Amino acid sequence: RSGAKPLNEAKLILVGRGFVGKTSLVNALMTGKFNQGEDPTEGIKISDWPCPLNPTEKVTLHIWDFGGQEMMHATHQFFLTARTLYLLVLERRRDGCDEEADYWFRLIRTFGGMDAPVVIVLNKQKLAPFDVNRGAWLEKYAGNIKAFVETDCADPKSISRLKETIQEQLSAVESLKTRFPTQWFAIKEKLAHMSADFLSFADYRALCRTNGLEDPENQDSLSGFLHDLGIALNYKNDPRLRFAYVLKPEWVTRGIYALLHAFVPAKGIFTSPEATQVLGRQGYSVEAVEFLLGLMERFELSFPLPGPRQQILIPQLLDDQQPPAAAGFQPKVCLNFSYRYAIVPEGLLPRFIVRTHHLSEPATRWKSGVILHHPTSACRALVRADAADKQVRIHVDGPADARRDLLAVIRYNFEVIHADYGCQPKDLVYAPGVPEEPIPLAKLDALRSAGENTYPVVLPDDEVIKPAIADLMRAVDTQRPQMKLFLSYSHLDEKFIQELRKELKLMERNGLIHPWSDHALTVGELWEARILQELSEADIIVCQLSRDFLASDFCVLKELETAIQRKQRGEAELFAYVLEACGWKEVPNLAKFQILPTPLPDRKSARAQYWRTVAEELQRTITKLRESPRPDRPTFPRAPR
């Protein structure tokens, strides 16, 4: 009705290891030329190619050429999207390409979708002819592989065959068939050519309204299309960046990869002024650099180091050498646990280091491992990834009765990362004193269900021991109560609730709490029903009291009233703190509950202590509840909702 027409734009992503010829293929496709001395891509190179779909029609293909350096692979996940055609570029390898294909298909399926179309490009055929087991691959990656193409950039005929294959596959790309209303095209063009490098999602909605797109659901649909096409990035489905900003792709990718390259010699340690110096040469303002550093922290690529220098660490750039302290662990006397993967995901340990950095010291971190210390006991853990053996091994020593607590924190954080990566490794346990013999936890569970009581283990000297299955499973049983927190606040005070969430982050990463606020609502969801459901399931209802909170009928009559009633029935705890002077004492029954009555100080220097006090009091409430858990309370480790 509004003059809709086909979009005729699509996204093409090239992935593969370094030096397989991805950049040369892009140039050969777009220009017909081959430069044998082509420099490798550092980061991501984005190009627009007017690709002929047929004799009368062209489409604009947004080509993303991903650099193959291993330190870049951990960041690829943020740019792999749906509605995309993928080229997996391979060259002859002495040990074959099966394992490499597994690695890339896992990434593509996780972030691009289980049915993401993939063309396998067998490149450099003149230099080193090769093939792969096509039948087995088609069986294993059913629904993904659309074609195999043998290429060599010095052979124009092979490039023509690749171009024809791309054209054939483009006709099946969903985004090409989608009909965009005229007003969507106008918004797309303004975002593609906006002078700002990023804008808030609120400003994006305002831009939509200015151009006649009033419906928030349609605004969100458009932002999803633009993200998948690589025109304007928005991570609306990522809880770390949910509906925060609309970003220019080149600006994000160029900045992140510039920092990754610049601080390799420093092993990933740098300061904000040093980052400003590096990015300033590329036109980034001081404010833009701070925004980008915050983005990297939210992506769990980096974290701030404690100390007066205010340094930042990117664990992906840490030294490869493990510290001498790792040799101090004796697996035979440790509590041992392992994960076995099809392929250890690139960036797995660096991201784990980010999530658990509050439990480690600078001298005990390296690229593929870390030593953690429990905050309240003498327990410590050695966590190492072994890519060749496709495992992550965990050894916990210290007081026997406290080891499981540290293992619980470790397993919870790995479960979160596994959920994001879409991988399900096997859980392996070990009999006491026998760290060489892994036992699948699922196997023990099945044997126990079948009525078996012991599991025979053959020792290196051929002696056989039969530990009790119940004891083996109990040693690694890290299921512990997880408190559900409902955060009740006025939207006008949103920036303050975010300050509290910062203070709660460590407890959240340790798997002790699961905070919920209306930020978790999705488009089209019945918001009131979901809020009331979360209120009814919460263990602790946290109310941020202010004039705007008390002026909101929903905050007071629905959320606060429900909290008071559930507290009176003994079903949940009510925890409230006063943000500013307001009439909270006039709310019936509220004054007799736990209230922190001191308002937020005006002095900025005193505010950090205010939030620390609120968090400490809330932690006492959480500790009290954990000592008398509800039988229906969720336990962890588990992937978060």
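Read in our numbering, the sequence shown has 80 at position 79, and its numbers run on one by one without any break. Here a beta-carbon is modelled for each residue, glycine too, at the ideal position from N, C-alpha and C. Fair warning: this is a prediction, and the values are worked out from it, not measured in the lab.
Counting along the chain, the unbroken alpha helix (DSSP H) around MET31 starts and ends at 23-32. By the criterion of a C-beta distance shorter than 8 Å, MET474 is surrounded in its chain by VAL430, LEU442, LEU445, ASP446 and ARG449, once the five residues flanking it on both sides are discounted. Taking all protein chains shown into account, MET115 has fewer than 16 neighbouring C-beta atoms within 10 Å of its C-beta and is therefore exposed. When GLU535, ALA539 and THR183 are compared, the shortest CA-CA separation from LEU575 is found for ALA539. In the DSSP assignment, ILE14 falls within the beta strand (DSSP E) that extends over 10-16.
Taking the Cβ atoms as the reference, VAL290 lies roughly 5 Å from LEU280, within the contact range of under 8 Å. Of the residues assessed, GLY584 falls on the exposed side of the cut-off, its CB having fewer than 16 other CB atoms within 10 angstroms. Sequence-distant Cβ neighbours of GLU453 in its own chain, meaning closer than 8 Å and more than five residues away, are ILE470. Rounded to whole angstroms, the Cβ separation of PRO457 and ARG341 is 21 Å, and the two are not in contact under 8 Å. Between the segment 263-281 and the segment 214-229, the count of C-beta pairs closer than 8 Å stays below three; the two stretches do not touch.
In the DSSP assignment, the residues bridged to ASP49 are HIS63.
Shown here, GLU58 sits in a strand according to DSSP, grouped into three states. Looking at the DSSP output, SER201 shares a beta bridge with TYR246. DSSP, read as helix, strand or coil, puts TYR413 in helix. Between TRP185 and ALA117, the alpha-carbon positions lie close to 25 Å from each other. Taking each of HIS520, GLU190, ARG604 and THR479 in turn and checking the Cα distance to LYS249, the smallest one comes out for GLU190. Ranked by Cα distance from ILE411, the first of PHE353, PHE20 and PRO56 is PHE353.
In this structure, PHE20 is the residue among PHE20, ALA564 and LYS34 with its C-alpha nearest to the C-alpha of ASP66. Here DSSP, grouped into helix, strand and coil, assigns ASP398 to strand.
The C-alpha of GLY512 lies about 10 Å from the C-alpha of VAL417.
Contact between CYS209 and LEU26 does not hold, since the beta-carbon distance rounds to 37 Å and is not under 8 Å. Rounded to whole angstroms, the gap between the alpha carbons of TRP50 and THR32 is 10 Å.
Shown here, VAL265 sits in coil according to DSSP, grouped into three states, outside any helix or strand.
By the Cβ neighbour-count rule, ASP320 is exposed, with fewer than 16 other Cβ atoms within 10 Å of its own. For the pair SER553 and ALA616, the Cα-to-Cα distance works out to about 25 Å.
Pairing CYS424 with PRO400 gives a Cβ-Cβ distance that is not under 8 Å.
Here GLN78 really is in contact with PHE112; their C-beta atoms are around 5 Å apart, less than 8 Å. Setting aside the 5 residues that flank it on each side, GLU100 is surrounded in the same chain by ILE344, each with a C-beta closer than 7 Å to its C-beta; the list follows chain order.
By the Cβ test, the segment 256-274 is not in contact with the segment 124-138, since fewer than three Cβ pairs between them sit closer than 8 Å.
Shown here for LYS568: same chain residues with a beta carbon closer than 7 Å to its own, the five before and five after excluded, namely GLU574, LEU575 and PHE594 in chain order. When rounded, the separation of the alpha-carbon atoms in GLY231 and ALA143 is 26 Å.
Residue environment for PRO56: exposed (fewer than 16 other C-beta atoms within 10 angstroms of its C-beta). The three-state secondary structure of TYR578, taken from DSSP, is strand.
Residue state for ASN337 is assigned as strand, using DSSP reduced to three classes. When the Cα atoms are used, GLY329 and ASN337 turn out to be separated by approximately 15 Å. Rounded to whole angstroms, the Cβ separation of ALA382 and LEU373 is 5 Å, and the two are in contact under 8 Å.
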